[in-house]
Ligand SMILES: [Mg+2]
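Numbering (my numbering), first residue to last: 26 to 399.
Printed below as a string of structure tokens:
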């Protein structure tokens with residue numbers, strides 16, 4: 026057997042970019058803004074292969090990887106370098122990352138392209154300057170209309186205005202008005218998701234889901250910090266009310282018991298972030314969730330790269346329900362091969378992650394703000 030190739034060089038640059046529209050507050054944070062960062066590492070290995078992808082690796086850690094062998098199995102890719110290594114594996118195989126999934130997956134040689142249901146995640150609290158609920162609801166509905174123009178059919182609405190930014194009653198009333206207005210704007214075929222970023226409690230959750238029953242909410246995300254007693258109560262109440270809203274949770278600092286609660290049927294959709302704990306974690310977790318009949322919808326807000334990466338998992342994970350789209354253009358990173366049409370993101374059948382890197386720009390940011398380890 027030939028020895029494994031080793032890592033011979035690493036270049037790292039914190040690329041930056043912008044969202045098309047400023048993102049406002051959510052239930053627990055202030056304005057998210059327009060600016061995004063997308064740190065990219067490119068590795069070169071002793072066989073001449075290269076791969077690039079999101080990485081927050083430090084210069085010290087990068088130096089320690091020089092001369093180290095590339096793990097044979099994708100499951101063994103280290104977190105710090107997983108995206109460059111996945112990209113390299115795809116490029117070496119001449120296949121998109123999604124096609125590295127099990128042969129038994131839904132993607133085959135006769136069906137090389139991958140189209141994955143996705144949702145527009147940009148409907149933040151952009152209305153806090155408005156005194157009038159109707160005007161606020163119109164504003165968010167108009168933003169959903171912009172999403173339709175970008176090819177979206179499904180939308181996630183931030184709720185929980187009464188958690189911090191507005192008085193509880195007024196904020197909850199506005200949440201309800203916004204949900205109704207967005208439903209009216211996007212029509213009955215759209216799936217509407219709501220996300221309280223833990224800004225509700227059980228009673229507020231029931232109040233909002235009850236008041237918006239006719240808006241047919243598809244999932245309720247992070248209603249409150251996950252708790253098995255409260256989720257059991259909510260499910261029992263929804264059953265009595267005839268509501269079938271999915272319970273989604275797990276981004277950020279999730280409870281270590283989250284998977285246990287998902288397995289026992291308290292949580293329908295697991296949303297671990299696609300950058301941390303990452304792609305390789307999802308690669309093994311997704312099929313496990315399939316076995317429990319739990320849905321997968323990796324969180325991908327704010328990291329840019331995850332928007333491109335997460336849909337690849339849909340080839341492997343049967344219960345992959347939605348890709349989250351936080352649109353942003355990153356200088357030097359070309360994601361134009363990915364397109365959004367009719368509520369689906371179309372993943373290009375290009376090797377690796379199918380992203381282009383502007384060499385001159387990348388080298389400039391490496392020199393100005395990044396590093397080279399060799
Ligand atoms: Mg969320």
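A virtual CB, placed ideally from N, CA and C, is assigned to each residue, including glycine.
Can you give me the start and stop residues for the beta strand (DSSP E) that residue 37 sits inside? To locate residue 37, count along the chain shown from 1; it is residue 12. Unbroken beta strand (DSSP E) run through residue 37: 32-48.
Would you kindly report the start and end of the unbroken alpha helix (DSSP H) that includes residue 219? Here residue 219 is taken as the residue at index 194 of the chain shown, counted from 1. Element bounds for residue 219: not the alpha helix (DSSP H) but the beta strand (DSSP E), 217-220.
In the DSSP assignment, find the unbroken alpha helix (DSSP H) run with residue 386 in it and report its ends. The residue you call residue 386 lines up with position 361 of the chain shown. 384-394 is the span of the alpha helix (DSSP H), which, as asked, contains residue 386.
Distance CB(residue 358)-CB(residue 338) smaller than 8 Å: Working through the chain shown from its first residue, we reach residue 358 at position 333. Working through the chain shown from its first residue, we reach residue 338 at position 313. Cβ atoms of residue 358 and residue 338: not closer than 8 Å.
Per-residue DSSP class, three states only, for residue 81: By 1-based counting over the chain shown, the position of residue 81 is 56. Here residue 81 sits in coil by DSSP.
Per DSSP, what kind of secondary structure is residue 345 in: helix, strand or coil? Indexing the chain shown from 1 puts residue 345 at position 320. If DSSP states are grouped into helix, strand and coil, residue 345 belongs with the strands.
Residue 251: buried (16+ other C-beta within 10 angstroms of its C-beta) or exposed? Mapped onto the chain shown, residue 251 falls at position 226. The residue is buried, with at least 16 neighbouring Cβ atoms inside 10 Å.
If you run the structure through DSSP and keep just helix, strand and coil, what is residue 120? As a working mapping, residue 120 is identified with position 95 in the chain shown. Note: residue 120 maps to coil in three-state DSSP.
Report back the beta-carbon spacing between residue 283 and residue 293 to the nearest angstrom; my notes put them in contact at under 8 Å. For the purposes of this step, residue 283 is identified with residue 258 of the chain shown, where counting begins at 1. For the purposes of this step, residue 293 is identified with residue 268 of the chain shown, where counting begins at 1. Incorrect: roughly 12 Å between the Cβ atoms, too far for contact.
Integer-rounded CB distance, given that residue 95 should sit under 8 Å from residue 308: On the chain shown, position 283 is the one that residue 308 refers to. On the chain shown, position 70 is the one that residue 95 refers to. Wrong, their Cβ atoms sit about 16 Å apart, outside the cutoff.
What do you reckon, is the C-beta of residue 190 under 7 Å from a heavy atom of ligand 1? As a position in the chain shown, residue 190 is number 165, starting the count at 1. No, ligand 1 has no heavy atom inside 7 Å of this Cβ.
Inspect the beta-carbon positions of residue 76 and residue 116 and report whether they are closer than 8 Å. As a first step, residue 76 is located in the chain shown; it is residue number 51 there, counting from the start. As a first step, residue 116 is located in the chain shown; it is residue number 91 there, counting from the start. Contact: yes.
So, are the CB atoms of residue 178 and residue 215 less than 8 Å apart? The sequence position of residue 178 within the chain shown is 153, counting from 1. The sequence position of residue 215 within the chain shown is 190, counting from 1. The answer is yes: Cβ separation under 8 Å.
Using the C-alpha atoms, what's the distance from residue 37 back to residue 334? Against the chain shown, residue 334 aligns to sequence position 309. Against the chain shown, residue 37 aligns to sequence position 12. As the crow flies, the alpha-carbon of residue 334 is around 19 Å from that of residue 37.
Same chain, Cβ closer than 7 Å to residue 172, five either side skipped, listed in chain order: Start at 1 with the first residue of the chain shown, and residue 172 comes out as number 147. For residue 172, where only same-chain residues beyond five positions count, the Cβ hits under 7 Å are 145, 147 and 180.
Classify residue 366 as buried or exposed, calling it buried when 16 or more other Cβ atoms lie within 10 Å of its own Cβ. As a working note, residue 366 is residue 341 in the chain shown. The residue in question, residue 366, is exposed, as its Cβ has fewer than 16 Cβ neighbours within 10 Å.
Under the DSSP definition of a beta bridge, which residues are partnered with residue 75? Here residue 75 corresponds to residue number 50 of the chain shown, with the count starting at 1. The partner list for residue 75 (beta bridge, DSSP) reads 69.
In angstroms, rounded to a whole number, what distance separates the CA positions of residue 200 and residue 87? If you number the chain shown from 1, residue 200 lands on position 175. If you number the chain shown from 1, residue 87 lands on position 62. Distance between the alpha carbons of residue 200 and residue 87 is about 46 Å.
Within 10 Å of its beta-carbon, does residue 121 have 16 or more other beta-carbons around it, so buried, or fewer, so exposed? Mapped onto the chain shown, residue 121 falls at position 96. By the neighbour-count rule (16 or more Cβ atoms within 10 Å), residue 121 is buried.
Mark residue 186 as exposed unless 16 or more other C-beta atoms lie within 10 angstroms of its C-beta, in which case mark it buried. Taking the first residue of the chain shown as 1, we reach residue 186 at position 161. By the 10 Å Cβ count, residue 186 comes out buried.
Beta carbon of residue 372 nearer than 8 Å to that of residue 351: Within the chain shown, residue 372 is the residue found at index 347, counting from 1. Within the chain shown, residue 351 is the residue found at index 326, counting from 1. No; because the gap between Cβ atoms is not below 8 Å, this pair is not in contact.
Residue environment, residue 285, which counts as buried when at least 16 other CB atoms sit within 10 Å: In the chain shown, counting from the first residue as 1, residue 285 sits at position 260. Exposed, by the Cβ-count rule.
So which of 138, 305 and 225 has the shortest CA-CA distance to residue 102? Your numbering for residue 102 matches position 77 in the chain shown. For the options 138, 305 and 225, the alpha carbon positioned closest to that of residue 102 is the one of 305.
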